[in-house]
Amino acid sequence: MQKLSTRQRTLAAAISFSGYGVHSAQPVTLTISPAAADSGIMICRETESGTTAPVPVHFSRVTRTTLCTTLDLGDSVSVATIEHVTSALSGMGVDNALITLDGGECPILDGSARPFAEAIVEVGLEIQPAQRKFLKIMRAVTVRNNDAFAALEPYNGRALDLEIDFDSKVIGRQRMIFDWTPRRYYEDVSSARTFGFVRDAKILRQAGYALGSSLDNSITVHEDRILNPGGLRYEDEFVRHKLLDAIGDLSLGGLPIWGRFRSYKGGHALNAHVLAGLFSSEANYEIVGAEDLPLEFEAFDDQPMGLAVNHYLRSVR
6 MQKLSTRQRT
16 LAAAISFSGY
26 GVHSAQPVTL
36 TISPAAADSG
46 IMICRETESG
56 TTAPVPVHFS
66 RVTRTTLCTT
76 LDLGDSVSVA
86 TIEHVTSALS
96 GMGVDNALIT
106 LDGGECPILD
116 GSARPFAEAI
126 VEVGLEIQPA
136 QRKFLKIMRA
146 VTVRNNDAFA
156 ALEPYNGRAL
166 DLEIDFDSKV
176 IGRQRMIFDW
186 TPRRYYEDVS
196 SARTFGFVRD
206 AKILRQAGYA
216 LGSSLDNSIT
226 VHEDRILNPG
236 GLRYEDEFVR
246 HKLLDAIGDL
256 SLGGLPIWGR
266 FRSYKGGHAL
276 NAHVLAGLFS
286 SEANYEIVGA
296 EDLPLEFEAF
306 DDQPMGLAVN
316 HYLRSVR
């Protein structure tokens, strides 16, 4: 009999969010619904001509990585800033879900993944009668852009080692090494907010970005100080948010990664490129079942306080 920790999970009920896009400033409502086993994370968008057919949230659909990750859903329909939503789903251990939204950009909410993660805790998860599958890294893949790089490497677990280096006294050089569990994601990563600099605001807005950015949804840095009245949520919130983004971007591989991700001065573009490099050769990875992995699955049982995991198997329609 399968261990419960090796089985796939979906939401126990749908969760919805209303807000506006950080770049477009347009209003949007997003709903994440339970989905059948082996369906993965799917996405569709409601438009004036109807709802698009659900498609997998996958790196092959990435069309733009400037300041966010944008997906092409087909028929000239796209969705921007998907990474915080997918980060929460991946970070909280959700295997199957359907994302539906009625606009072209996911709501920024408070600039982190915390509202999505909290909603998952509130409704709980449901275990499904199918074994989890993983992308097991078999051979290291590295992509570079000058001194910046991103790498996926063989590793007996799920870990991220991420470092940033900004020419800013407020940020500077920060590094975080993160061994994944849902509880650690919830407590140590999910609340980290996106950030930006006052010096860049005018140029970004002229280019059509950050039109919805404010102190309510972004850490704003001006010279050697932070403008947000409440300050930082973590002392190293900047690198934690970059790690949050990386978890969301890497989930676009279609399956959770069994291996280690390393990055220096990375971002959405390098995250997408390292996935493309991984899939460029079948020698780089294997798709394996959870029960074939060498470690016990204590990590999956390390849940945030208050998160109910329903052990009864019900069909998802």
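For the sequence shown, the positions run 6 to 322 when this note's numbering is used. Glycine included, every Cβ here is placed at the ideal spot set by N, Cα and C. Keep in mind that this is a model prediction, so the values were computed, not measured.
Checklist entry - For Thr91, does the three-state DSSP call read helix, strand or coil? => result Looking up residue 91 in the sequence shown gives position 86. Note: Thr91 maps to helix in three-state DSSP.
Item to check | Other residues of its chain near Ala122: CB distance less than 6 angstroms, five sequence neighbours each side excluded | outcome: Position 117 of the sequence shown, counted from the first residue, corresponds to residue 122. Excluding sequence neighbours, Ala122 sits near Ala93, Met97, Tyr191 and Ser195.
Checklist entry - Helix or strand or just coil, what does DSSP make of Phe121? => result Along the sequence shown, one-based indexing puts residue 121 at 116. The answer is helix: DSSP assigns Phe121 an H, G or I state.
Checklist entry - Sorted by chain position, which residues of the same chain lie with C-beta nearer than 7 angstroms to Asp241's C-beta, five sequence neighbours on each side aside? => result What you label residue 241 is simply residue 236 of the sequence shown in a count that begins at 1. Answer for Asp241: Gln179 and Met181, listed in chain order.
Next on the checklist: Quick check: Ala118 and Leu249, are their CB atoms within less than 9 angstroms of each other?
Outcome noted: Translated into positions along the sequence shown, residue 118 becomes position 113. Translated into positions along the sequence shown, residue 249 becomes position 244. In this structure, Ala118 places its C-beta atom within 9 angstroms of the C-beta atom of Leu249.
Checklist entry - What span of residues does the beta strand (DSSP E) with Lys174 cover, start to end? => result Along the sequence shown, read from residue 1 onward, the residue named residue 174 stands at position 169. Counted as a single uninterrupted DSSP element, the stretch harbouring Lys174 is not any beta strand (DSSP E), since DSSP gives it neither H nor E.
Next on the checklist: DSSP three-state label for Arg137, please.
Outcome noted: Here residue 137 refers to the residue found at position 132 of the sequence shown. In the structure shown, Arg137 sits in coil (DSSP, three-state: anything other than H, G, I, E or B).
Checklist entry - Does DSSP put Ala206 in a helix, a strand or coil? => result Indexing the sequence shown from 1 puts residue 206 at position 201. Ala206 sits in a helix when the DSSP states are folded into three classes.
Checklist entry - Which residues bound the alpha helix (DSSP H) around Ala212? => result Within the sequence shown, residue 212 is the residue found at index 207, counting from 1. Unbroken run through Ala212: none, as it is neither H nor E.
Next on the checklist: Across the region 200-219 and the region 150-159, are there enough close Cβ pairs to call them in contact, namely three or more that are closer than 8 angstroms?
Outcome noted: With the cut-off at 8 angstroms, the region 200-219 and the region 150-159 do not touch.
Item to check | Beta bridge counterpart(s) of Ala85 as assigned by DSSP | outcome: Numbered from 1 along the sequence shown, position 80 holds the residue referred to as residue 85. Answer is Glu110, bridged to Ala85.
Next on the checklist: Please classify Ala212 as buried or exposed, where buried requires at least 16 neighbouring CB atoms within 10 angstroms.
Outcome noted: Working through the sequence shown from its first residue, we reach residue 212 at position 207. Its Cβ having fewer than 16 others within 10 Å, Ala212 is exposed.
Checklist entry - With distances taken from CA atoms, which of Asp43, Val67 and Asp229 is nearest Arg137? => result For the purposes of this step, residue 137 is identified with residue 132 of the sequence shown, where counting begins at 1. Cα-wise, what sits closest to Arg137 is Asp43.
Item to check | Member of Gly79, Ser223 and Phe243 whose CA lies at the smallest distance from the CA of Asp115 | outcome: Locating residue 115 in the sequence shown gives position 110, where the first residue counts as 1. Closest by alpha carbon: Ser223.
Checklist entry - Which two residues bound the contiguous beta strand (DSSP E) that contains Phe22? => result The residue you call residue 22 lines up with position 17 of the sequence shown. For Phe22, the uninterrupted beta strand (DSSP E) run begins and ends at Ile20 to Tyr25, by DSSP.
Checklist entry - Exposed or buried, Thr68, counting other C-beta atoms within 10 Å across all chains shown (16 or more means buried)? => result Along the sequence shown, read from residue 1 onward, the residue named residue 68 stands at position 63. When all chains shown are included, Thr68 counts as exposed.
Next on the checklist: Can you check which of these residues, Ser81, Ala102 and Ala145, is closest to Leu130 by C-alpha distance?
Outcome noted: For the purposes of this step, residue 130 is identified with residue 125 of the sequence shown, where counting begins at 1. Of the residues Ser81, Ala102 and Ala145, the one whose Cα lies closest to the Cα of Leu130 is Ala102.
Next on the checklist: Per the DSSP calculation, Ile182 is bridged to which residue(s)?
Outcome noted: For the purposes of this step, residue 182 is identified with residue 177 of the sequence shown, where counting begins at 1. Residue pairing by DSSP places Ile182 opposite Asp166 in a beta bridge.
Item to check | Outcome for Asn276 when other beta-carbon atoms lying within 10 angstroms are tallied against a minimum of 16 | outcome: As a first step, residue 276 is located in the sequence shown; it is residue number 271 there, counting from the start. Its Cβ being crowded by 16 or more others within 10 Å, Asn276 is buried.
Next on the checklist: Measuring alpha carbon to alpha carbon, tell me which residue in Ile37, Pro309 and Asn289 is nearest Ile104.
Outcome noted: By 1-based counting over the sequence shown, the position of residue 104 is 99. Nearest neighbour of Ile104 by Cα position, chosen from Ile37, Pro309 and Asn289, turns out to be Ile37.
Item to check | Ser23 and Leu35 closer than 9 angstroms at C-beta | outcome: Residue mapping note: residue 23 aligns to position 18 of the sequence shown, counting from 1. Residue mapping note: residue 35 aligns to position 30 of the sequence shown, counting from 1. Yes, these two residues count as a Cβ contact at 9 angstroms.
Checklist entry - Any idea if Gly271 is buried or exposed, counting beta-carbon neighbours within 10 angstroms, 16 or more meaning buried? => result The count along the sequence shown starts at 1 and reaches residue 271 at position 266. Buried.
Item to check | Where His89 falls, given that 16 or more other Cβ within 10 Å makes a residue buried | outcome: The count along the sequence shown starts at 1 and reaches residue 89 at position 84. Answer is buried; the Cβ neighbour count reaches 16.
Item to check | Simplified DSSP assignment, three categories, for Arg238 | outcome: The residue given as residue 238 occupies position 233 in the sequence shown. DSSP, reduced to helix, strand and coil, places Arg238 outside both helices and strands of the structure shown, so it counts as coil.
Next on the checklist: Under DSSP, the alpha helix (DSSP H) around Gly311 begins and ends at which residues?
Outcome noted: Along the sequence shown, read from residue 1 onward, the residue named residue 311 stands at position 306. Going by DSSP, Gly311 is part of no alpha helix (DSSP H) at all; its letter is neither H nor E.
Next on the checklist: Can you tell me whether Gly1 is helix, strand or coil according to DSSP?
Outcome noted: The first residue shown for the chain is 6 and the last is 322, placing residue 1 beyond what the model contains.
Checklist entry - Between the beta-carbon of Ile132 and the beta-carbon of Trp185, is there less than 9 angstroms? => result Reading the sequence shown from its first residue, position 127 is the one you call residue 132. Reading the sequence shown from its first residue, position 180 is the one you call residue 185. Contact flag unset, no.
Item to check | Exposure label - Ala18; buried when at least 16 CB within 10 Å | outcome: On the sequence shown, position 13 is the one that residue 18 refers to. Counting Cβ neighbours within 10 Å, Ala18 comes out exposed, since fewer than 16 surround it.
Item to check | Euclidean distance between Cα positions of Val108 and Val128 | outcome: Translated into positions along the sequence shown, residue 108 becomes position 103. Translated into positions along the sequence shown, residue 128 becomes position 123. Here the sequence assigns Gly to residue 108, which means Val is not the residue at that position. Taking the Cα positions, Gly108 is about 24 angstroms away from Val128.
Item to check | Close beta carbons around Thr75, own chain, < 6 angstroms, minus the five adjacent residues each side | outcome: Here residue 75 is taken as the residue at index 70 of the sequence shown, counted from 1. Counting only Cβ-Cβ distances below 6 angstroms, and skipping sequence neighbours, we find Thr68, Arg69, Ser83 and Ala85.
Item to check | When Tyr25, Pro187, Gly294 and Leu140 are compared against Ile262, the one with the closest alpha-carbon | outcome: Numbered from 1 along the sequence shown, position 257 holds the residue referred to as residue 262. Residue Leu140 is the option with its Cα nearest to Ile262.
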